[in-house]
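In terms of the working numbering, the sequence shown opens at residue 6 and continues consecutively. All C-beta atoms in this analysis are idealised placements derived from N, C-alpha and C, irrespective of residue type, glycine included.
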Amino acid sequence: MARDERIDLCIIGAGPAGIAAAEQAAAREARVVLVEGGELGGVSHNWGSLPAQALAAAAERAHAIRTARDLGVGADEPRINFARVNTRIRTAIDEANPNVSAEHLEAQGIEVVRGRARFTGPSAIEVEGRAIRAANFLVATGSRPVVPTVPGLDGVPYFTPETIFEVTRRPSHLIVVGGGATGLALAQSHLRLGCPVTLIEMLEPLDDQDPEMAQAVLRRLRAEGLEVREHTGVVAISSVADEIAVDVKAGPNEDRIVGSHLLFATGRRPDFDGLGLDAAKVRMAGDVPALGRFGRTSNRRIFVAGDAAGQVGTHAARHGAHMAVDAMMGGRSGHGAVVPRIVHIRPAIAWIGMTESEARTRHGNKFEVVRAGFSQTDAAHAQAEANGHVKVLVGPRGTILGAGIVGPHAEELIAVLALAMSGKMGLDKIERLVVPHPSFSQAIALAAAQYARTRGGNARSGWRAALKRLLP
6 MARDERIDLC IIGAGPAGIA AAEQAAAREA RVVLVEGGEL GGVSHNWGSL
56 PAQALAAAAE RAHAIRTARD LGVGADEPRI NFARVNTRIR TAIDEANPNV
106 SAEHLEAQGI EVVRGRARFT GPSAIEVEGR AIRAANFLVA TGSRPVVPTV
156 PGLDGVPYFT PETIFEVTRR PSHLIVVGGG ATGLALAQSH LRLGCPVTLI
206 EMLEPLDDQD PEMAQAVLRR LRAEGLEVRE HTGVVAISSV ADEIAVDVKA
256 GPNEDRIVGS HLLFATGRRP DFDGLGLDAA KVRMAGDVPA LGRFGRTSNR
306 RIFVAGDAAG QVGTHAARHG AHMAVDAMMG GRSGHGAVVP RIVHIRPAIA
356 WIGMTESEAR TRHGNKFEVV RAGFSQTDAA HAQAEANGHV KVLVGPRGTI
406 LGAGIVGPHA EELIAVLALA MSGKMGLDKI ERLVVPHPSF SQAIALAAAQ
456 YARTRGGNAR SGWRAALKRL LP
């Protein structure tokens, strides 16, 4: 075994969370070692959100050509070269590689170690025969796809959200199992690129999202041609000639769906395989570590961040990593910060804070729901994108309990409400914000103005009642 070294922070996993933590700690002049057994950048960079967004960008262009006639521009059906789309995805990854390269990290004083890490004790790991001791550890090992056990699945080829980008010829019929955000996003991209798609969901698609916003998205997807089979279970899979047959059941009704390609987008689970957390004296809660504030485990030296800690999305993973580093090394903690939750579909969904059901549980009826439609803005009509709205849950004294946007640019517009919520700014204060015209951000200002008018009316009613009591 090689040398035994002492460092300030050892990070296991060089995905978004691991790299964010390494850069933050190195900026504080800590001695940092970043260990990665696979590709630098992790799943998000190589097989996840980056390639998915590159695929969606191509799909968006194809959709724009198809719908150009709505704006008076004649256009033929887009000619799609699926192999070139795939090449463009690889190019996007290659172009972004310098941002996660070993050279980029080492230039910041971060030591990059290649190999799989395994804990050998509460404060030590081993990587390819090298022993490393550290004052603190951050586990940022990400997650892996979950594929359910289905009779016959072993006998057919199938894809996951990480491997679907290997397809270089357009599927003649894609079957997607799983109606979460990932499954729907990939289904829409393939649909817009000219591929018939059937989506199968055991429950309801997007059942973890605000119901009215989920329904707005599903209406749009169905209008684009997506076949959605909800409340439908997969009972068996088989090979039929050169195609794949998926036997399904919805209540008492049975059916068979035949397609050329099969994609399972049925969730992910944290990946701690082979890490040796038992040797590190980390208490587990089932298959995952029990986590406290800032992602700290029962071993106070060891923290968890990113997908491994259930922080879904690159921005959430980076935020979790920053909180963990602050807890280790001191500094301002972002605990309690407003972290947007985004569904990257068209139209997109963006949400912050409590959901409406959570607000009902916590506050009963002591909050208001304020809505403003994009149809109330000139920008939406000018761009033929009038479907969508802003929804804000407002508590006492105008406090923003939660807010969501469904529609064009939702993932960018939500930043205005996130800033207001994190700064404890009441919704009525946003009415004073001067927003550009024409713009979709006017919907936020309209929601604020609507609430301010209601609040003003209630205040005037209160004063009138008080005066009546005082006057003879």
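The beta carbons of Leu-198 and Ala-69 sit no closer together than 7 Å.
Within the same chain, His-394, Val-395, Ala-448, Leu-451, Ala-452, Gln-455 come within 7 Å of Ala-377 by CB-CB distance, once the 5 residues on both sides are set aside.
Minimum Cα-Cα distance from Arg-123 among the listed residues Glu-363, Phe-277, Phe-299 corresponds to Phe-277. When Cβ pairs closer than 8 Å are counted between the two stretches, the region 406–418 is seen to touch the region 351–358, the count reaching three or more. Pro-83 and Ala-67 have their alpha carbons spaced roughly 6 Å apart.
Under the three-state reduction of DSSP, Ala-145 is assigned to coil, being neither helix nor strand. Following the DSSP letters along the chain, one finds Pro-56 in no beta strand (DSSP E) but inside the alpha helix (DSSP H) bounded by residues 54–72. Using a C-beta cut-off of 8 Å, the region 109–121 makes no contact with the region 250–265, since fewer than three inter-stretch Cβ pairs fall below that distance.
DSSP assignment within the region 95–183 yields the following whole alpha helix (DSSP H) runs of 4 residues or more, N-terminal first: 107–111. Shortest Cα-Cα distance from Pro-56 to any of Ile-24, Asp-260, Ala-97, Lys-371 involves Ala-97. Selection Val-182, Gln-113, Leu-60 evaluated against Val-172 yields Leu-60 as nearest (Cα-Cα).
Within the region 365–417, the runs of beta strand (DSSP E) that reach at least 3 residues and sit entirely inside it are, in chain order, 373–378, 394–399, 405–412.
Across the structure, Phe-299 and Val-317 are spaced so that their CA atoms are roughly 15 Å apart. Here DSSP, grouped into helix, strand and coil, assigns Leu-39 to strand. For the pair Glu-206 and Gly-184, the CB atoms are nearer than the 7 Å cut-off. The beta-bridge partner set that DSSP reports for Ala-255 consists of Asn-258. Burial is judged here by how many other beta carbons sit within 10 angstroms of a residue's own beta carbon; Arg-346 has at least 16 and is buried.
Assignment of His-266 by DSSP, reduced to helix, strand and coil, places it in the strand class. One alpha carbon belongs to Thr-271, the other to Thr-203, and they sit about 15 Å apart. Look at the beta carbons and you see the region 132–139 not touching the region 97–108: under three pairs across the two are nearer than 8 Å. By the neighbour-count criterion, in which 16 or more other beta carbons inside 10 Å mark a residue as buried, Met-218 falls on the buried side. Taking 7 Å as the cut-off, the beta carbon of Gly-47 is found closer than this to the beta carbon of Gly-20. Going by C-alpha positions, His-178 is about 16 Å away from Asn-86. Here the alpha carbons of Arg-367 and His-320 stand approximately 27 Å from one another. Taking one beta carbon from each stretch, the region 425–436 and the region 234–245 have fewer than 3 pairs nearer than 8 Å; the two do not touch. Listed in chain order, the beta strand (DSSP E) elements of length 3 or more contained wholly in the region 279–321 are 307–309. Nearest Cα to Glu-436 within the set Arg-261, Gly-403, Ala-342: Gly-403. When secondary structure is reduced to three states using DSSP, Thr-187 falls in the helix class. Around the CB of Ala-385, 16 or more other CB atoms lie within 10 Å, so the residue is classed as buried. Per DSSP, reduced to three states, the secondary structure at Gly-335 is coil, with no helix or strand assignment. Counting the other CB atoms within 10 Å of its CB gives Val-399 a total of 16 or more, which places it among the buried residues. A distance below 7 Å between beta-carbons, with the five flanking residues on each side excluded, links Ile-307 to the following residues of its chain, in chain order: Phe-142, Val-144, Ala-285, Val-287.
For a cut-off of 8 Å, the C-beta gap from Glu-41 to Gly-77 is around 52 Å, too long to register as a contact.
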